[in-house]
Structures are given as C-alpha cells and as structure tokens.
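Asker: For what it's worth, this note's numbering labels the leading residue of the sequence shown as 2, then goes sequentially. Every residue gets a Cβ at the ideal spot worked out from N, C-alpha and C, and that includes glycine. Before I ask anything, here is the structure I am working with.
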Amino acid sequence: MSKTVIIASTDSGVALGNRIRTEFPKSLLVSTRHHEQASHIESIAAFLANNFSTFDTLIFIGALGICVRSIAPYLQDKKEDPAVINMDDRGMFVQSVVSGHIGGANDITRKLAAAIGAQAVITTSSDLQEIWALDTLASQFGWKAAASQDMNSIISLFVNNQPTALLLDVKDKGTAHLEKTLPAFVNVHYHLPDDLSKYALLIAVTYKKYPAAIPVLHFHPAVLNIGMGCSRDIEADLLKASVYQQLAQQQLAVESIRAIGSIDVKHDETAFIALAKKLQVPFITFTADELNTQQVVNPSDVVMSKLGVHSVSEASAMLLSGNQELLLEKQKITVSSGKKHTIAIAVDKDAVRRAVIAIVGAGPGDAELISLKGKQLVEDADLILYAGSLIPEEITHYAKKEAIVRNSASMTLEEQISLMEEHYSKGHLIVRLQSGDPSIYGAIQEQMTIFDEKGMDYYIVPGISSFQAAAACLKSEFTIPEVVQTIILTRGAGKTPLPEHEKLNEMARHKATMCIFLSATIARSVQEQLLEHYDPETPVAVLYRVSWKDEEIYTGQLKDLAQIVRDNKLTLTTLVIVGVAIGARKNRSHLYNPDWKHTFRTGKAIKTN
Numbered sequence: 002m003s004k005t006v007i008i009a010s011t012d013s014g015v016a017l018g019n020r021i022r023t024e025f026p027k028s029l030l031v032s033t034r035h036h037e038q039a040s041h042i043e044s045i046a047a048f049l050a051n052n053f054s055t056f057d058t059l060i061f062i063g064a065l066g067i068c069v070r071s072i073a074p075y076l077q078d079k080k081e082d083p084a085v086i087n088m089d090d091r092g093m094f095v096q097s098v099v100s101g102h103i104g105g106a107n108d109i110t111r112k113l114a115a116a117i118g119a120q121a122v123i124t125t126s127s128d129l130q131e132i133w134a135l136d137t138l139a140s141q142f143g144w145k146a147a148a149s150q151d152m153n154s155i156i157s158l159f160v161n162n163q164p165t166a167l168l169l170d171v172k173d174k175g176t177a178h179l180e181k182t183l184p185a186f187v188n189v190h191y192h193l194p195d196d197l198s199k200y201a202l203l204i205a206v207t208y209k210k211y212p213a214a215i216p217v218l219h220f221h222p223a224v225l226n227i228g229m230g231c232s233r234d235i236e237a238d239l240l241k242a243s244v245y246q247q248l249a250q251q252q253l254a255v256e257s258i259r260a261i262g263s264i265d266v267k268h269d270e271t272a273f274i275a276l277a278k279k280l281q282v283p284f285i286t287f288t289a290d291e292l293n294t295q296q297v298v299n300p301s302d303v304v305m306s307k308l309g310v311h312s313v314s315e316a317s318a319m320l321l322s323g324n325q326e327l328l329l330e331k332q333k334i335t336v337s338s339g340k341k342h343t344i345a346i347a348v349d350k351d352a353v354r355r356a357v358i359a360i361v362g363a364g365p366g367d368a369e370l371i372s373l374k375g376k377q378l379v380e381d382a383d384l385i386l387y388a389g390s391l392i393p394e395e396i397t398h399y400a401k402k403e404a405i406v407r408n409s410a411s412m413t414l415e416e417q418i419s420l421m422e423e424h425y426s427k428g429h430l431i432v433r434l435q436s437g438d439p440s441i442y443g444a445i446q447e448q449m450t451i452f453d454e455k456g457m458d459y460y461i462v463p464g465i466s467s468f469q470a471a472a473a474c475l476k477s478e479f480t481i482p483e484v485v486q487t488i489i490l491t492r493g494a495g496k497t498p499l500p501e502h503e504k505l506n507e508m509a510r511h512k513a514t515m516c517i518f519l520s521a522t523i524a525r526s527v528q529e530q531l532l533e534h535y536d537p538e539t540p541v542a543v544l545y546r547v548s549w550k551d552e553e554i555y556t557g558q559l560k561d562l563a564q565i566v567r568d569n570k571l572t573l574t575t576l577v578i579v580g581v582a583i584g585a586r587k588n589r590s591h592l593y594n595p596d597w598k599h600t601f602r603t604g605k606a607i608k609t610n
C-alpha cells in the first residue's frame, strides 16, 4: 500500500485534509498549525528534509507557491519523484504538480476532485488530448517497455501527433484497449509494414525485436514459454549465454519470457534454476506422463530410452503455453564445454491473434444490462448470433457496420455451427449471445461439446440473470440476515423431469428464497408442492419478461400463485420468486453495527446521552 502524507497550511486545510483522509485510510495528516486532528510539525521545510523520499504521495493543501518552493530542493526525475498534488483550502481546485503519469499524480488528482466536488487541474499533454500516456502503458498492462532512443523524445513525437504505426503481434487486454482508443494519427498493423517511411514512430506490442530506421517503442508482454532439456550439471553461464544467443538470432525479446519448463528429474538443475532467477520467471517441471500427452514435431528415440518421454523441450513449451504450435521447434545446441541442451519456444495460446468464440451473457432483457465486457465484444465481433425471442435486438445495434448479425431462432444447432466454422476459419471474433447468464438454463453444454470436438477456442462472459433483475425490480435483497441466507435456482418438473434428489417439495423444506424458472404452465403443481413447507401467506412475485419494455410484475401470497398466473395468462419467459425476503425491510446486518470492524473501518462506540 502506498504511503501518503497530507500537508495542511491552514485550519481550513486541516479540516479538508481530515475529510480526504477517508480516500487514503492509512495516510498521515500534518500541519504547522496546532490542531487535534493533525500531527504538528515545526515547518514544512524541516519535515520534507527528513521525509520527502519516505512517501509515495504528497498532498499539499494551501497555496501552490508554498508547495512548489517546498518540494523544489528534492526533485530528481519523474521516475524517482513521488506524486505531488496541491489543492486550495476551500477545496475548489486540485492540481497535479509532479509525477503525473509514472507516480500517478494525475489519477490521484481526479480521485480527490471527485471525492470533494472540486475541479481537477491536469496539464499533461496526453491527458488533455485524451491520447495514450506512453510512459505508463507498460505498467498499466503488465508489459515491459524498451525504447530505441530517449523516451522523452519518443513521447514528444507522439504528443505532437506525428504519424505513428501501431504493430500488434499479440492480443490481450492492453492491445484491445489500444485498438478501441486509436488516435487519428495512428494506423494499426498486424504485420510489420514493408515501408515505414511515411511514419515518424513505430509502437510495437510484440515478443519480437524490430530494427527500424525510425524510432521504435517496444512493449513486450510476457508470452514466451521456453522448454528445455540439458546435460546434467551444464554450466549456468554457458546455458544463459546460449539461450540469449538463440533469442537474439530469432529476434525474440528476453523481456517477453514468461516461464521456463523441463522434465521433473531436472527440478534441481542448477543452470535452469539460475536462469529462471536471472529472468525473474518461474521454473516449472512436468512428469513424464504429462509430457507424453503432447504430440510433438520432433520426437526423440534417445530421450524415450533414457527418460521415458518422446520430448522434453517441445512438450514443455507446449504445456506451458497451452499452444500446440511452436514458435521455435527444438534446437540442439552444444556449448563450449561440450555439454548439450535443447530449447523450444511457444507463445501463450491466449496471446495468439486467432479466431475465438465468446459465449456472452446478454442479460435479462434490458439492452443496457449487458456487462461492459459483453458490450465491448459485441462492438468488436465479426459474427454475432442471437436468439431473437430471448435477446433484445437493441443489443445487436452495438455491432460494427461490417459485422454479420444473425437471428438464430430459426436455425438448427448444426446450421449455427456451420456458420461459426466459416467465420472461425477466417480468424474472426464470434459472439454467441445467450439470454441472462449462460450458466443458468443457457443450453450451452451442447455447443461447447461441439467446440471441444472441433478444437475451436471459446470462453464464457457472465451476464446478469433474470433472478437478479427480479430482485432489483422488487427492490429486495434475497438474503436477509438471520432470516434467509440461501437462494435456490430451480424449475418445476414439466416435460423434462427433475433429478430424483431435486424434487421441488423437498427443496421447499429449506424455506430459502426460491427462484423458479420455466414453470408458469405448471403453476398449480408448483404451488401445491411449495405449500407442503412454506406458509400460505409467504410473499410471492411473478415476473413476466423482467426488465424488458413490456415487463409485467405481480405480487401476492403463495396460496394465490396459480390464480395470479392464470388470471394474467402468463406462460413463457415467466419467473416465480417465493420467500419472506421479498420486500423485507426490518432486519439490520451486523455490517452496519457501529461496533463492527473490518479492514477499512474500526469499531466506533455509539454515543449516548
């Protein structure tokens, strides 16, 4: 946790400083004024002489001139200086003074301004232009930066909007951000352009090293996985030199190494351990059985006879990366001492720019209730499949102009898969929208089975379920302290029977908040089973197309459930909620007891007269 000091010059400043300490719970408040809420210091100059380098963040409350004159003797450079912020003692303006990007002063300034309703004053050019802060991208996304020349000169080119090429060899959260926030003077490329003469700067997010005639700023993500085997007791310095030489020959960045792997009998190999320590990456070993699960390019009969495996280096690289394709196939190398080692390299599977299927929870109905990540995927997708009867068409309006958007309601599963395969073969991003949350009655198991069989990469993005939307519409918390702490998601036994151990009347014994899906047509049976254990007056809510524009919500008592459904002619897309939590207001959680303590709050005694 960063160390913060708040330095107040006036009594009003002390009062304001005490307010903003809530944003920095472990901060120190000091003042030259004698005040019970602040630690007294004789002078700001004397305090900083002894403590300037002790803190990560200094927040001055008072005149900007006092701040500037006080810190001037101690400033070194933006890589070393703490974040310095100044604000007036009336809380009208908050200004980032020093170390806006690397030290985080700009972000702290925005946070403070939002907390007290002040005007944030930030003068950094990239912030004002709303373009990338090149000196913080690496730390923001877990990359390592390497500039071909002085970083300030590269930043100068960028903030002056010089033509810039952005090369993306990998994909991750950072590259997605860059693609979505591309400045007008930046062109994105997925392969190194043959001609860079029209550009003044090349920014490359890559595991490679690119020599170029123009300034280059490399951002290296940790995506390279090195598998190795070696002669016993190979010299550590010779192994390191050999590995570095191989990387240089392949124009691969040492900074992008994520892990080193080998067979478990090498767990104590000094050279491997030393190399991993030097690179500050893990050294991971695998059993023979694990290594033999991989289909390698260059199996070895010699290694099989000695270690019982077809491969060490290639198989290790594949297991580390999750990638069956090697960036560098096995190389056999003899070092100057005569000892030997092998090396193979693979890129993290998730970092490879290839086709992928995203199964996205679209939420309960309201197009604005899709998650931010889900919305971003819809915006970026090349193919979008959605069931029009279950998902609002408005969500597909987020799609880019060139995207293919298909309503799958009339398509068989096989037809959907065929369309997905067509786009998958082109390396496209495919979004399969599912109503609510895909994990709850989402019928995704059948799709995933086929994806697995065909080797198609996919992942799931959760969504807001209709039972959560129901809680919001009912203005209810479904878990009430000391009353009900369990939520049951289930359905009644219709055409598809429930498992023997999941009978509705048995689950009713718990008297939990019960959310019953897909059961409006058997409401009478549901009511009878629940009444075996719930009181007849138990609150009930029946929600038709919850959060949709045509939603209907009916409340009553359990004894009237079937009548509510019948009278309002409710059938499909109806959710039933049963439990005393509906509309409850009387109980108070221990969380709000003044004596309750947790990481961010100490207990406070209640004052009594």
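Taking the CB atoms as reference points, tell me whether residue 459 and residue 360 lie closer together than 8 Å.
Answerer: yes
Asker: Which residue comes first and which comes last in the alpha helix (DSSP H) that contains residue 46?
Answerer: 45-52
Asker: With C-beta atoms as the reference, is residue 354 less than 8 Å away from residue 172?
Answerer: yes
Asker: With 16 as the cutoff for other CB atoms within 10 Å, does residue 395 come out buried or exposed?
Answerer: exposed
Asker: Assign residue 26 to one of three DSSP states: helix, strand, or coil.
Answerer: coil
Asker: Can you name the start and end residues of the beta strand (DSSP E) that residue 575 belongs to?
Answerer: Segment 575-579, the beta strand (DSSP E) holding residue 575.
Asker: Return the CA-CA distance between residue 569 and residue 508, expressed in angstroms with no decimal places.
Answerer: Computed Cα separation, rounded: 27 Å.
Asker: Is the Cβ-Cβ distance between residue 548 and residue 370 less than 8 Å?
Answerer: yes
Asker: What is the residue span of the beta strand (DSSP E) that residue 87 lies within?
Answerer: Element bounds for residue 87: 84-88.
Asker: Which residue or residues does DSSP assign as beta-bridge partners of residue 32?
Answerer: 9 and 41
Asker: With C-beta atoms as the reference, is residue 166 less than 8 Å away from residue 194?
Answerer: yes
Asker: Among 498, 203 and 585, which residue has its Cα nearest to the Cα of residue 476?
Answerer: 585
Asker: Give a yes or no on whether the C-beta atoms belonging to residue 197 and residue 159 are separated by under 8 Å.
Answerer: no
Asker: Between residue 327 and residue 345, how many whole angstroms is the CB-CB distance? I'm expecting something under 8 Å.
Answerer: 6 Å
Asker: Can you tell me the Cα-Cα spacing of residue 432 and residue 384, whole angstroms?
Answerer: 6 Å
Asker: So for residue 71, helix, strand or coil by DSSP?
Answerer: Residue 71: helix per DSSP, three-state reduction.
Asker: Just how far apart, CA to CA, sit residue 330 and residue 274?
Answerer: Their backbone Cα atoms lie some 22 Å apart in a straight line.
Asker: Could you check the C-alpha separation between residue 71 and residue 51 for me, to the nearest Å?
Answerer: So the alpha carbons of these two residues sit roughly 13 Å apart.
Asker: In whole angstroms, give me the CA-to-CA distance for residue 610 and residue 35.
Answerer: Low per-residue confidence applies at residue 610: pLDDT is 33, beneath 50, and the placement is therefore not dependable, though the value from the model is reported in the following sentence. Answer to the nearest angstrom: the Cα atoms are 30 Å apart.
Asker: Helix, strand or coil for residue 522, going by three-state DSSP, please let me know.
Answerer: helix
Asker: Which residues does DSSP pair with residue 405 in a beta bridge?
Answerer: 384
Asker: Mind checking which residues open and close the alpha helix (DSSP H) that includes residue 569?
Answerer: Neither: residue 569 is in no alpha helix (DSSP H) and is coded neither H nor E.
Asker: Does residue 332 come out as helix, strand or coil in the three-state DSSP assignment?
Answerer: strand
Asker: If I'm right that residue 168 touches residue 262 with Cβ under 8 Å, what's the distance once you round it to whole angstroms?
Answerer: Contact between residue 168 and residue 262 fails: their C-beta atoms lie close to 28 Å from each other, not under 8 Å.
Asker: Just reading off the beta strand (DSSP E) that residue 492 is part of, what are its end residues?
Answerer: 488-492
Asker: Between residue 174 and residue 142, is the Cβ-Cβ spacing less than 8 Å?
Answerer: yes
Asker: Measure the CB-CB distance between residue 461 and residue 482 and report whether it falls below 8 Å.
Answerer: Residue 461 is not a Cβ neighbour of residue 482, given a cutoff of 8 Å.
Asker: Quick one: which unbroken beta strand (DSSP E) runs of 3-plus residues sit fully inside the stretch 285-370? Chain order, please.
Answerer: 329-335, 341-348 and 357-362
Asker: The beta strand (DSSP E) spanning residue 121 covers which residue range?
Answerer: That run of the beta strand (DSSP E) goes 120-122.
Asker: Taking all protein chains shown into account, do 16 or more other C-beta atoms lie within 10 angstroms of the C-beta of residue 21, making it buried, or fewer, making it exposed?
Answerer: buried
Asker: Would you say the stretch 554-564 touches the stretch 520-537, given that touching needs at least three Cβ pairs under 8 Å?
Answerer: yes
Asker: Between which two residues does the alpha helix (DSSP H) containing residue 96 stretch?
Answerer: Element bounds for residue 96: not the alpha helix (DSSP H) but the beta strand (DSSP E), 94-99.
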